[in-house]
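Enquirer: Dropping a structure here in structure tokens format, bear with me for questions.
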Amino acid sequence: MAGSVNKVILIGNLGADPEVRNLPSGGKVVNLRLATTESWRDRNTGERKEKTEWHRVVIFNEGIGKVAEQYLKKGAKVYLEGQLQTRKWEDQGGQERYSTEVVLQNFNATLTMLDGRAEGEGGGYGAGASSGGFSGPPAEPRSQQQNRRPAPAANFDAGNDDIPF
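With the sequence shown counted from 1, adding 1024 to any position gets you the numbering used here.
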């Protein structure tokens, strides 16, 4: 049996525009603040309740970082897959601090825009990146695929074909 798994899957909304920093090596790091909210109805009062968790997301993957930088804005709904990492650092007062973050790097990372809004506004296509690639526009919902009629066949005369092969 495999030893262990470190995988995080989150669907949520960005709390701020992505923060992009340039590294001395010439690469970029993109930081996101992602909110996930769960809601439920209280059994005793019937009142609707919500709980929001904030997640720090760090993108080291060049392709995914580029998509995040270009297309993500505050409020954008995203699906992401990454790994949990805790890092130790020292604050200005010399105290040791720890930060746990969701890290997207290498080939085990995915970022997909879910709301289909380009630049955080209405219209446009959603963007996605998996292992640094761009996945393009989102797939058409299945209900629209089933209701679509096939396009009529084009009328052409096979005997008048000018194709040289």
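Beta carbons: idealized from backbone N, C-alpha and C, even for Gly.
The model shown is predicted, which means the values in this text are computed figures rather than measured ones.
CB-CB under 8 Å to residue 1071, same chain, minus the five flanking residues each way: which ones, in chain order?
Expert: Cβ neighbours of residue 1071 beyond the five flanking positions: 1065.
Enquirer: Going by the CB atoms, is the gap between residue 1102 and residue 1136 shorter than 8 Å?
Expert: Yes, they are a contact pair.
Enquirer: Helix, strand or coil: how does DSSP classify residue 1098 here?
Expert: The answer is coil: DSSP assigns residue 1098 none of H, G, I, E or B.
Enquirer: Using DSSP with H/G/I as helix, E/B as strand and the rest coil, what is residue 1082?
Expert: Here residue 1082 sits in strand by DSSP.
Enquirer: Terminal residues of the continuous beta strand (DSSP E) containing residue 1037?
Expert: It spans 1032-1038 - the beta strand (DSSP E) in which residue 1037 sits, taken as one unbroken run.
Enquirer: Nearest by alpha-carbon distance to residue 1054: which of 1060, 1061, 1062, 1045 is it?
Expert: Cα-wise, what sits closest to residue 1054 is 1045.
Enquirer: CB residue 1038 to CB residue 1100, shorter than 8 Å?
Expert: In this structure, residue 1100 lies closer than 8 Å to residue 1038 by Cβ.
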